[in-house]
Amino acid sequence: MNKVINLETTRQIEFIDITSLIRKEVEARNCREGICFLYVPHTTAALTINENADPDVIRDLNHTMEKLVPVKGNYFHREGNAHAHVKASLLGGSTFIFIRDGKLLLGTWQGIYFCEFDGPRRRSLYLRIMQENSTY
Amino acid sequence: MNKVINLETTRQIEFIDITSLIRKEVEARNCREGICFLYVPHTTAALTINENADPDVIRDLNHTMEKLVPVKGNYFHREGNAHAHVKASLLGGSTFIFIRDGKLLLGTWQGIYFCEFDGPRRRSLYLRIMQENSTY
Amino acid sequence: MNKVINLETTRQIEFIDITSLIRKEVEARNCREGICFLYVPHTTAALTINENADPDVIRDLNHTMEKLVPVKGNYFHREGNAHAHVKASLLGGSTFIFIRDGKLLLGTWQGIYFCEFDGPRRRSLYLRIMQENSTY
Chain A
485 MNKVINLETT
495 RQIEFIDITS
505 LIRKEVEARN
515 CREGICFLYV
525 PHTTAALTIN
535 ENADPDVIRD
545 LNHTMEKLVP
555 VKGNYFHREG
565 NAHAHVKASL
575 LGGSTFIFIR
585 DGKLLLGTWQ
595 GIYFCEFDGP
605 RRRSLYLRIM
615 QENSTY
Chain B
485 MNKVINLETT
495 RQIEFIDITS
505 LIRKEVEARN
515 CREGICFLYV
525 PHTTAALTIN
535 ENADPDVIRD
545 LNHTMEKLVP
555 VKGNYFHREG
565 NAHAHVKASL
575 LGGSTFIFIR
585 DGKLLLGTWQ
595 GIYFCEFDGP
605 RRRSLYLRIM
615 QENSTY
Chain C
485 MNKVINLETT
495 RQIEFIDITS
505 LIRKEVEARN
515 CREGICFLYV
525 PHTTAALTIN
535 ENADPDVIRD
545 LNHTMEKLVP
555 VKGNYFHREG
565 NAHAHVKASL
575 LGGSTFIFIR
585 DGKLLLGTWQ
595 GIYFCEFDGP
605 RRRSLYLRIM
615 QENSTY
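Protein chains in written order, with our numbering: chain A, 485 to 620; chain B, 485 to 620; chain C, 485 to 620.
Next up, the structure:
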């Protein structure tokens, strides 16, 4: 199973909460115990897990990333999206979440974010579930 | 198997070496070949693997993180822990280590650290082992 | 299976494109569907996935990392490689790529990079494949 999830981003920089989307994908399958792996096949987007209660948390993340790696900086890469490549490597394009009793095992305040740094674009996200094969 | 490990942190910012704790968990199970996955269900804590011989390495990591994302900064999030959320995303809250011949396959100088950025608190850490199911 | 790949780096800081190396390892095994996990057992090296078409992208990544965590800084660790330890934690020493139909499922522009921050050295990289054990 290699599920491809399609996303459309609408701004240059955007943090999209994909928690309910991923939850639905996981619950639609009958894996009771395992791990859900997520992978972004792009080089100017990333994934991060952080608080989804107060949207200011994500604003702070974005502002800090922008302070550290400004959109307009002194870069070699001429396409205007060098910052986006660096941000993608800093946050990373893959993550995983445990599945317990058929449900995504996120912490109380955790949400999964698709981080667009060079939008708007059509994006993909790969999802793969590995079922636990023993009772260790 | 979804093992929940409880931790109590004692300071606002603290890097706790959990290597022997994780090693004990892994060796207590009879998985010979596989992967040990670790996951932090919090949004102001993280995991990192780095040197555990000279404690100055972790001091430098902490000081650099603090230089890049200061505790007292100009943040939107009003709870005083915005820096902790950003640091959590930069280091990431999950990692994995291979298991070979029943043992955790860390490099010579590697230790696993639970990174507290908003303590002191009671924290959890999830551990899950996937056994290798073939001999590829 | 725990494959150890040996690498020799030739400079202090070096981003080595290991995509074709990893692809060859994966294709040499007959796993059709699964995940390829990569792990660096060192504390001054890392892995990242980013564009391998324009080498300026990696130059920008390196220059930004250097701006944020300079080689010559005010560090506690006296071995002269404190920056390398910090960079290793920021990028992270492990990653995974999906395998579909026996092939590494990278995005069009993605390459896998071994990031040396304290070379030149002999380095290792661990590779492990987990086969998908169901059709979820």
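Note that beta-carbon positions come from the ideal geometry of N, C-alpha and C, so glycine has one too.
Just so we're clear, the structure is a prediction, and the values are computed from it rather than from any experiment.
Of the residues B:617, B:605, B:616, B:541, the one whose Cα lies closest to the Cα of residue 497 of chain B is B:605. Taking C-beta separations shorter than 6 Å and ignoring five residues to either side along the sequence, the partners of residue 595 of chain A in its chain run 501, 503, 536, following chain order. With contacts defined as CB atoms closer than 8 Å, residue 573 of chain A and residue 590 of chain C fail to qualify as a contacting pair. Proximity of chain C to residue 549 of chain A at the Cβ level (cut-off 7 Å) is not reached, the minimal Cβ distance being about 11 Å. Contact between residue 533 of chain C and residue 577 of chain A holds: their C-beta atoms lie close to 6 Å from each other, under 8 Å.
Secondary structure note for residue 487 of chain B: its beta strand (DSSP E) is the uninterrupted segment 487-492. For residue 590 of chain B, no alpha helix (DSSP H) run applies, since DSSP gives it neither H nor E. For residue 502 of chain A, the three-state secondary structure derived from DSSP is coil. Proximity of chain C to residue 486 of chain A at the Cβ level (cut-off 8 Å) is accounted for by 517, 582, 584, 589, in chain order. Here the stretch 487-495 of chain C does not lie against the stretch 555-569 of chain C, with fewer than 3 beta-carbon pairs under 8 Å apart.
For residue 512 of chain A, the secondary structure class from DSSP, reduced to helix, strand or coil, is coil. Linking residue 487 of chain C to residue 564 of chain B through their CA atoms gives a straight-line distance of about 45 Å. With contact defined as three or more Cβ pairs closer than 8 Å, the stretch 541-558 of chain C and the stretch 504-521 of chain C are not in contact. As DSSP reads the structure, residue 548 of chain B sits in no beta bridge.
The three-state reading of DSSP puts residue 537 of chain A in coil, since its state is none of H, G, I, E or B. Think of a sphere of 8 Å around the beta carbon of residue 566 of chain C: the chain B residues whose beta carbon falls inside it are 540, 541, 544, in chain order. Within 10 angstroms of the beta-carbon of residue 587 of chain B lie fewer than 16 other beta-carbons, which makes it exposed. Sequence-distant Cβ neighbours of residue 612 of chain C in its own chain, meaning closer than 6 Å and more than five residues away, are 486, 521. Residue 574 of chain A reaches chain B at 574, counting residues in chain order whose Cβ is nearer than 8 Å.
The beta carbon of residue 617 of chain B sits closer than 8 Å to some beta carbon of chain A. Annotation: the continuous alpha helix (DSSP H) that includes residue 571 of chain C extends over 566-575. According to the DSSP secondary-structure assignment, residue 615 of chain A is paired through a beta bridge with A:518. Listed along chain B, the residues sitting closer than 9 Å to residue 521 of chain C by beta-carbon distance are 519, 580, 582. Chain-order list of chain A residues neighbouring residue 533 of chain C: 577, by C-beta distance under 7 Å. Just measuring C-alpha positions, the residue of A:499, A:525, A:512 sitting nearest residue 609 of chain A is A:525. The beta carbon of residue 583 of chain B is closer than 8 Å to those of 510, 515, 516, 517, 518, 519, 520, 589, 613 in its chain, skipping five residues each way along the sequence. Listed along the chain, the chain C residues whose CB falls inside 8 Å of the CB of residue 609 of chain B amount to none; the nearest CB is some 17 Å away. At least one CB of chain B lies nearer than 8 Å to the CB of residue 594 of chain A. Taking CB atoms only, residue 505 of chain C has no neighbour in chain A less than 8 Å away.
Residue 596 of chain B sits in a strand when the DSSP states are folded into three classes. By the C-beta density criterion, residue 528 of chain C is buried, having at least 16 other C-beta atoms within 10 angstroms.
Listed along chain C are 552, each with a C-beta nearer than 7 Å to that of residue 552 of chain B. Interface with chain A (8 Å Cβ-Cβ cutoff): residue 570 of chain B is included. Residue 598 of chain C and residue 580 of chain C have their C-alpha atoms some 13 Å from each other. Residue pairing for residue 579 of chain B: DSSP places it in a beta bridge opposite B:522.
With respect to chain A, the C-beta atom of residue 604 of chain B has no partner C-beta closer than 8 Å.
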